[in-house]
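What follows is a short report on a single structure.
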Ligand SMILES: Cc1cc2nc3c(=O)[nH]c(=O)nc-3n(C[C@H](O)[C@H](O)[C@H](O)COP(=O)(O)OP(=O)(O)OC[C@H]3O[C@@H](n4cnc5c(N)ncnc54)[C@H](O)[C@@H]3O)c2cc1C
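Residue numbers (my numbering): 1 to 396.
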């Protein structure tokens with residue numbers, strides 16, 4: 001096997017020295033948890049106050065992690081990635097913006113993204129956050145009330161609101177199936193996840209008869225999710241449709257633990273990283289072992305987890321570009337994995353959010369927080385960027 005994640009020349013071929021220096025600066029700054037803590041609190045307020053901070057954000061963290069403010073902006077990045085064999089998952093990054101009008105607008109933007117994806121050779125999927133098309137309160141109510149969970153709603157207005165959410169998703173999936181584009185439904189916090197799982201399942205039963213069009217996301221930092229993946233698979237087999245499974249470790253660990261502590265219920269998150277890693281790899285292996293009925297998106301920056309699946313594909317005699325296995329990393333992170341996989345013809349993408357600056361702030365804050373812990377990504381990103389800068393300097 002020729003694959004190595006060490007090759008920074010491949011990883012950063014699309015970045016100029018100037019880009020790399022900017023990235024080095026950014027990752028050095030967000031390495032510090034206290035800087036990120038202050039920035040997370042102050043940035044939304046400063047942006048609303050009219051202070052000239054937007055330009056700074058646009059040229060630093062936004063440029064690193066986001067495709068642009070519009071679909072046209074992201075089309076430029078999409079094209080650039082295409083020339084390296086890298087695919088794209090487009091994600092209209094507006095989330096938790098309340099109001100029916102906003103939800104309808106986000107729905108239209110997502111359908112626009114689906115139509116755009118169909119015109120490109122390297123955009124197989126569009127991502128969806130249900131929190132962009134449904135109210136948080138509604139999701140939380142549906143999650144909590146046992147009667148609602150069984151689908152029997154207490155309130156007519158909630159009933160109608162949920163029907164509108166379903167209509168939005170059906171409209172998106174109709175467009176997706178017509179255009180041959182896949183839909184990835186993001187996973188959220190545990191206190192709103194049940195209705196999302198239910199809806200994802202309903203959609204898979206309708207749209208995944210011949211190929212996997214709709215994918216649900218499984219957060220393997222939750223101790224119940226490996227089991228849930230297997231149950232989902234069983235139900236899909238019984239329902240005679242294909243399971244679409246996007247596997248992630250999970251983005252809301254601290255929030256989940258804090259809430260469980262505050263409300264005095266057992267934390268839904270594994271006690272340690274090793275347990276999360278073990279479940280993540282077990283889930284990935286399970287999907288691969290059942291590849292005839294599960295299509296998987298392995299969404300991770302973890303080198304070992306990616307390599308595990310690469311090796312397992314070889315053992316099973318699968319071709320590198322088998323359509324049932326797709327790898328993905330967030331735009332702005334782990335280029336050494338993405339570009340080296342692409343060079344070996346694996347199906348691999350960058351998850352590329354786009355949207356108005358103010359609206360993608362929650363996404364940017366998550367990226368900053370994820371990169372700020374000592375055990376986080378930053379050290380590795382910095383090492384790789386420094387290695388590449390040194391390599392280019394040595395060549396002169
Ligand atoms: C393409 C893509 C799509 C994504 N979509 C979603 C999504 O829909 N929903 C979502 O929630 N996240 C999503 N994420 C983010 C993802 O959940 C992770 O936060 C992120 O990818 C880091 O995990 P890793 O596997 O890349 O790397 P690693 O660095 O190996 O793992 C870090 C992760 O391990 C877990 N972890 C760390 N410490 C501990 C501990 N002490 N105990 C238990 N677990 C621990 C946490 O989940 C942490 O984020 C997505 C990521 C990608 C790449």
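Virtual Cβ for every residue (Gly too), placed ideally from N, Cα, C.
With distance defined between alpha-carbon atoms, name the residue in 180, 205, 143 nearest to residue 235. The residue among 180, 205, 143 with its C-alpha nearest the C-alpha of residue 235 is 205.
Any heavy atom of ligand 1 closer than 7 Å to the Cβ of residue 250? Correct: residue 250 has its Cβ closer than 7 Å to ligand 1.
Taking buried to mean at least 16 other C-beta atoms within 10 Å of its own C-beta, is residue 336 buried or exposed? Answer is buried; the Cβ neighbour count reaches 16.
Run of the alpha helix (DSSP H) containing residue 239, from where it starts to where it stops: Note, residue 239: alpha helix (DSSP H), 225-239.
Minimum C-alpha distance to residue 198 - residue among 209, 182, 215: With distances taken between Cα atoms, residue 198 lies closest to 215.
Identify whether residue 167 lies in helix, strand or coil by the three-state DSSP scheme. Residue 167: helix per DSSP, three-state reduction.
Can you tell me which residues form a DSSP beta bridge with residue 222? In DSSP, residue 222 forms a bridge with 269.
Closest to residue 218 by CA distance: which of 45, 276, 165 is it? Of the candidates 45, 276, 165, 276 places its Cα closest to the Cα of residue 218.
Using 8 Å as the threshold, is the C-beta distance between residue 328 and residue 351 below it? In this structure, residue 328 lies near residue 351, with their beta-carbon atoms less than 8 Å apart.
Given that a residue counts as buried once 16 or more other Cβ atoms are within 10 Å of its Cβ, and exposed if not, what is residue 221? Label assigned to residue 221: buried.
Distance check for residue 54 and residue 47, CA to CA, integer angstroms please. Looking at the two C-alpha atoms, the distance is approximately 6 Å.
Unbroken alpha helix (DSSP H) run spanning residue 341, endpoints: That run of the alpha helix (DSSP H) goes 335-343.
Which residues share a DSSP beta bridge with residue 16? For residue 16, which the question treats as bridged, DSSP gives no partner whatsoever.
By the 10 Å Cβ neighbour count, where 16 or more other Cβ atoms means buried, how is residue 359 classified, buried or exposed? Per the 10 Å Cβ criterion, buried.
Which residue marks the beginning of the alpha helix (DSSP H) containing residue 104, and which one marks its end? In the DSSP assignment, residue 104 falls within the alpha helix (DSSP H) that extends over 100-119.
Between the region 176-188 and the region 118-126, do three or more beta carbon pairs fall short of 8 Å? Because the criterion of three Cβ pairs below 8 Å is met, the region 176-188 and the region 118-126 touch.
Would the beta-carbon of residue 60 fall within 8 Å of that of residue 26? The answer is yes: Cβ separation under 8 Å.
Can the beta-carbon of residue 245 be found less than 8 Å from the beta-carbon of residue 294? The answer is yes: Cβ separation under 8 Å.
Can you list, in chain order, the residues of its chain whose CB lies under 7 Å from that of residue 113, leaving out five sequence neighbours each side? Result list for residue 113: 71, 90, 92, 126, in chain order.
Cβ-heavy atom distance between residue 285 and ligand 1 below 7 Å? No, ligand 1 has no heavy atom inside 7 Å of this Cβ.
Close-in-space but distant-in-sequence residues of the same chain around residue 67 (CB under 7 Å, 5 per side omitted): The residues are 73, 74, 77, 331, 352, 353, 354.
List the endpoints of the continuous beta strand (DSSP E) containing residue 62. Counting along the chain, residue 62 falls outside any beta strand (DSSP E), and DSSP gives it neither H nor E.
Does the distance between the C-beta of residue 186 and the nearest non-hydrogen atom of ligand 1 fall short of 7 Å? It does: the Cβ of residue 186 is within 7 Å (strictly closer) of some heavy atom of ligand 1.
Does DSSP put residue 132 in a helix, a strand or coil? Residue 132 falls in the helix class under three-state DSSP.
Cβ-heavy atom distance between residue 269 and ligand 1 below 7 Å? Flag set: Cβ of residue 269 near ligand 1.
Report the rounded CA-to-CA distance for residue 256 versus residue 143, giving the unit in angstroms. Roughly 15 Å separates the two Cα atoms.
Alpha carbon of residue 22 to alpha carbon of residue 16, nearest angstrom: Linking residue 22 to residue 16 through their CA atoms gives a straight-line distance of about 10 Å.
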